[in-house]
Structure formats: structure tokens, C-alpha cells
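Report on one structure; see the data block that follows.
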Amino acid sequence: MNSERRFEPEKLGLGLCEGYDKMGHALSKPHLRAELENQLKA
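Residue numbering for the sequence shown follows the working numbering, starting at 39 and increasing by one per position.
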């Protein structure tokens, strides 16, 4: 958390997102989270 009380990504998280993207897994994309939340509501 930074001085503005906001979360900031760290090197590990950024590296994981980059690695998954390179493997063709879009796990860090906002639309996937939206879809998951919609499925959980149903």
C-alpha cells in the first residue's frame, strides 16, 4: 500500500501476469473478473 493508501503491484505479481499473458492465459484481464462475479451471482 502506498502513501495514498492504494495498492500497488509488486514485481512478482507483474511478472506472473506477464508470464500468463505470454502463455496465452488472460488471467489478469478485467473482463474475466466481471464474468466470474456474474457467474457467482447466478
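We treat Cβ as the ideally placed atom computed from N, Cα and C, and that holds for glycine. Predicted model only: the values in this text are computed from it and were never measured.
What are the boundary residues of the alpha helix (DSSP H) that includes residue 68?
Annotation for residue 68: the continuous alpha helix (DSSP H) segment containing it runs 68 to 79.
Less than 8 Å between the beta carbons of residue 82 and residue 66, yes or no?
Not covered by the structure: residue 82. The range shown for the chain is 39 to 80.
In whole angstroms, what is the alpha-carbon distance linking residue 47 and residue 68?
When rounded, the distance between both Cα atoms is 15 Å.
I need the straight-line Cα distance from residue 39 to residue 80, nearest angstrom please.
Each residue's alpha carbon lies about 33 Å from the other.
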